[in-house]
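Undergrad: First residue of the sequence shown: 0, per numbering that gives the first Met the number 0; consecutive thereafter.
C-beta atoms are modelled at their ideal positions from N, C-alpha and C, and glycine is treated no differently.
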Amino acid sequence: MKKETKKNKVLVFSVLSLFAITLVAAIGYYAIFSATFTVNPAVITSGDLVFEGDYYGGQEISGGEITITNNAPSDRIINISDNSEGTGVNVSYVGTLELSQKNLDTWTLEGETKTINYTVVGETFVVSGIPDEYTLIYYPNLVSGWYAGISTDVTVLNNGVNTIGDLPDTSIDVGDDYCNNTYNPNATQCVGAKLWLILGDETIALAKLDNWSMADTLFETELIQYNSGGIITLSPRASLTITPIYDIGAYESGDYNITTTVA
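1) Are the CB atoms of V126 and G94 within a distance shorter than 8 Å?
2) What number of angstroms, rounded off, separates the C-alpha of V38 from the C-alpha of L205?
3) So if DSSP puts E219 in a beta bridge, which residue, or which two residues, is it bridged to?
4) A237 to I67, Cα distance in whole Å?
5) Here's the rule I'm using: 16 or more other beta-carbon atoms within 10 Å means buried, otherwise exposed. How should L10 be labelled?
6) Residue ranges of each beta strand (DSSP E) run of no fewer than 3 residues wholly in the segment 226 to 260, ordered along the chain?
7) Can you give me the C-alpha to C-alpha distance between E221 and A186, rounded to a whole angstrom?
8) Please report the residue range of the alpha helix (DSSP H) in which L194 lies.
9) Are there 16 or more other CB atoms within 10 angstroms of the CB of L166, so buried, or fewer, so exposed?
10) Can you tell me whether D131 is buried or exposed, with buried defined as 16 or more other CB within 10 angstroms of its CB?
11) If V190 sits next to T123, beta carbons under 8 Å apart, how far is it from one beta carbon to the other, in whole angstroms?
12) Examine the Cβ distances between the segment 244 to 251 and the segment 86 to 104 and report whether three or more of them are shorter than 8 Å.
13) If you draw a straight line from the C-alpha of D176 to the C-alpha of Q58, how long is it?
14) Between the Cα of T151 and the Cα atoms of I77, F50, K207, which residue gives the shortest distance?
15) Straight-line CA distance for Y133 to D209?
16) Per DSSP, which residues does I43 bridge with? Please list them.
17) Once you ignore the five residues that flank I76 on each side, which residues in its own chain have a CB closer than 6 Å to its CB?
18) In three-state terms, what does DSSP make of T123?
19) Whole alpha helix (DSSP H) runs in the segment 108 to 187 with 4 or more residues, listed along the chain?
20) Should T112 be labelled buried (16 or more other beta-carbon atoms within 10 Å of its own) or exposed?
21) When the distance is taken between beta carbons, is I197 closer than 8 Å to G56?
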């Protein structure tokens, strides 16, 4: 009996030793990592997010202003779309641009200002508010240089519908380092097109452009974008304010629920 008891003790000790070795091997590691963070929305909207009212067929009505802000530290490409197709209500989204005289040495804002409205998203690029005594142009930054063939490379815009593609026209407009070139210290939107108001009719305005006689010109205070498909680039910390325009068909009646999505 004593010999058998001794063998049992040896066996138990061996099993316990093996268990301890296995346990140590199971919990061994070189390193461990952990992450805890809060994710905030990159793009937010504010303003009149709900718009209601009673209207009539054939009316064009303006919704409330909506501001879209990119809170992220990098560009965000957004898509502004709605469910209006096939409803008899045509929807576009309009922005406002202030133009101002600038000191041509320092490019700081000074002097007279004017405001125009323009389409941000819609089937056509519509401009309103161009003063009678001014000519509005789209001024691209060309690969060929700042001054090369300047009057032939700009596009003259008019009140009403303009036959033009998306803005900026990336096939010719290479842009510039708008937010970092020291000429636009308060700029937040770094991607887009430049619109200028030049005093005089089209002939006088283009002659001033060629001669760079621009002291009474009103320059953009921010870059604008137009995209018929709703694709807009927002720079870091930049905001875009748009107003929905609802163009109701002449023979429409009933209840309509138009929902706009910013994705």
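TA: Per the coordinate set shown:
1) Taking the first residue of the sequence shown as 1, we reach residue 94 at position 95. Taking the first residue of the sequence shown as 1, we reach residue 126 at position 127. No, the pair does not count as a contact, with Cβ atoms beyond the cut-off.
2) Locating residue 38 in the sequence shown gives position 39, counting from the first residue. Locating residue 205 in the sequence shown gives position 206, counting from the first residue. For V38 and L205, the distance between alpha carbons rounds to 50 Å.
3) Your numbering for residue 219 matches position 220 in the sequence shown. Answer is L98, bridged to E219.
4) Stepping through the sequence shown from its first residue, residue 237 is reached at position 238. Stepping through the sequence shown from its first residue, residue 67 is reached at position 68. In a straight line, the C-alpha of A237 is about 8 Å away from that of I67.
5) Numbered from 1 along the sequence shown, position 11 holds the residue referred to as residue 10. Residue placement at L10 is flagged as unreliable, the pLDDT there being 39, under the threshold of 50; the coordinate-derived value follows with that caveat. With fewer than 16 other Cβ atoms within 10 Å, it is exposed.
6) 230 to 233, 238 to 247
7) On the sequence shown, residue 221 is found 222 positions in, with the first residue counted as 1. On the sequence shown, residue 186 is found 187 positions in, with the first residue counted as 1. In a straight line, the C-alpha of E221 is about 7 Å away from that of A186.
8) In the sequence shown, residue 194 corresponds to position 195, counting from 1. Counted as a single uninterrupted DSSP element, the stretch harbouring L194 is not any alpha helix (DSSP H) but the beta strand (DSSP E) occupying residues 193 to 198.
9) What you label residue 166 is simply residue 167 of the sequence shown in a count that begins at 1. The Cβ neighbour count for L166, taken over all protein chains shown within 10 Å, is at least 16; the residue is labelled buried.
10) The residue you call residue 131 lines up with position 132 of the sequence shown. The residue is exposed, with fewer than 16 neighbouring Cβ atoms inside 10 Å.
11) The count along the sequence shown starts at 1 and reaches residue 190 at position 191. The count along the sequence shown starts at 1 and reaches residue 123 at position 124. Going by Cβ atoms, the distance from V190 to T123 rounds to 22 Å, so no, they are not a contact pair.
12) yes
13) For the purposes of this step, residue 176 is taken as the residue at position 177 of the sequence shown. For the purposes of this step, residue 58 is taken as the residue at position 59 of the sequence shown. Distance between the alpha carbons of D176 and Q58 is about 42 Å.
14) Walking along the sequence shown from the start, residue 151 turns up at place 152. Looking at the Cα atoms, K207 is the closest of the given residues.
15) Along the sequence shown, one-based indexing puts residue 133 at 134. Along the sequence shown, one-based indexing puts residue 209 at 210. Answer to the nearest angstrom: the Cα atoms are 16 Å apart.
16) The residue you call residue 43 lines up with position 44 of the sequence shown. DSSP lists T68 as partners of I43.
17) Here residue 76 is taken as the residue at index 77 of the sequence shown, counted from 1. Closer than 6 Å at the Cβ level, and outside the excluded window around I76, lie T232.
18) Reading the sequence shown from its first residue, position 124 is the one you call residue 123. In the structure shown, T123 sits in coil (DSSP, three-state: anything other than H, G, I, E or B).
19) 149 to 152
20) Mapped onto the sequence shown, residue 112 falls at position 113. Exposed, since its Cβ has fewer than 16 Cβ neighbours within 10 Å.
21) For the purposes of this step, residue 56 is taken as residue 57 along the sequence shown, with counting starting at 1. For the purposes of this step, residue 197 is taken as residue 198 along the sequence shown, with counting starting at 1. Result no, Cβ atoms of G56 and I197 do not sit closer than 8 Å.
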